[in-house]
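Colleague: Note that numbering that gives the first Met the number 0 numbers the sequence shown so that position 134 is 133, with each residue one more than the last.
Okay, handing you the structure first.
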Amino acid sequence: MKVYVTRSYWFSATHRLHSAGLSDEENRVVYGKCNNPHGHGHNYEIEVTVSGPVDPVTGRAVSLDALDMLIDREVLSPLRYRNLNEEVAAFRSAVPTTENLASEVARRLHTTWPEGPKLEKIRIHETDRNICEISG
């Protein structure tokens, strides 16, 4: 039987939503207050869901310590307290929307994911009303 385990993590970061492919006016229309030239911050919550069979010896589908260390190394430490536009290479050419942030987290995890439990889903809460989910 396959079970799903979800862990939640938090980090704070700033960003500005601004596309080089749009004029200043178009950016203001598309991104509204999130286009503030000085940026703005969020307290992001990331949920990572993995699946796998329950180990009969440990009773777990995933080592929570190993998962926590992987998320800290690949996601939290590189993004925490950063200006995403200026300090994270992936967002020097991509707008740091919640969708692009979720894609970047997925990319980071897929390239370093160990054998064992399968990475199923990443869910990012930018605000209480803005949530993005990537699965597969």
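Beta carbons are placed, not taken as given, at the ideal position from N, Cα and C, and that holds for glycine.
Taking the alpha-carbon positions, what's the L78 to G58 distance?
Modeller: By 1-based counting over the sequence shown, the position of residue 78 is 79. By 1-based counting over the sequence shown, the position of residue 58 is 59. Spanning the two alpha carbons is a distance of roughly 32 Å.
Colleague: Cβ of S11 within 8 Å of Cβ of H41?
Modeller: Here residue 11 is taken as the residue at index 12 of the sequence shown, counted from 1. Here residue 41 is taken as the residue at index 42 of the sequence shown, counted from 1. Yes, Cβ-Cβ distance for S11 and H41 is below 8 Å.
Colleague: In whole angstroms, what separates the C-alpha of V49 from that of K120?
Modeller: As a working note, residue 49 is residue 50 in the sequence shown. As a working note, residue 120 is residue 121 in the sequence shown. Rounded to whole angstroms, V49 to K120 spans 7 Å at the Cα level.
Colleague: So within the stretch 12-72, which uninterrupted beta strand (DSSP E) runs reach at least 3 residues, ignoring any that extend past its ends?
Modeller: As far as the stretch 12-72 is concerned, its whole beta strand (DSSP E) runs of at least 3 residues are 39-52.
Colleague: Give the single residue among Y43, L16, E46, E44 whose Cα lies nearest to the Cα of N34.
Modeller: Indexing the sequence shown from 1 puts residue 34 at position 35. Cα-wise, what sits closest to N34 is L16.
Colleague: Does the separation of the CB atoms of S92 and I133 fall below 8 Å?
Modeller: As a first step, residue 92 is located in the sequence shown; it is residue number 93 there, counting from the start. As a first step, residue 133 is located in the sequence shown; it is residue number 134 there, counting from the start. Taking 8 Å as the Cβ cut-off, S92 and I133 do not qualify as a contacting pair.
Colleague: With respect to the alpha helix (DSSP H) encompassing L75, which residues constitute its N-terminal and C-terminal limits?
Modeller: In the sequence shown, the residue the question calls residue 75 occupies position 76. That residue, L75, is in no alpha helix (DSSP H); it is neither H nor E in DSSP.
Colleague: How is R107 classed by DSSP in three states: helix, strand or coil?
Modeller: The count along the sequence shown starts at 1 and reaches residue 107 at position 108. R107 falls in the helix class under three-state DSSP.
Colleague: Kindly indicate the opening and closing residues of the beta strand (DSSP E) around E125.
Modeller: Your numbering for residue 125 matches position 126 in the sequence shown. E125 -> no beta strand (DSSP E), and no H or E assigned at all.
Colleague: Less than 8 Å separating the beta-carbons of G115 and G51?
Modeller: If you number the sequence shown from 1, residue 115 lands on position 116. If you number the sequence shown from 1, residue 51 lands on position 52. Yes, Cβ-Cβ distance for G115 and G51 is below 8 Å.
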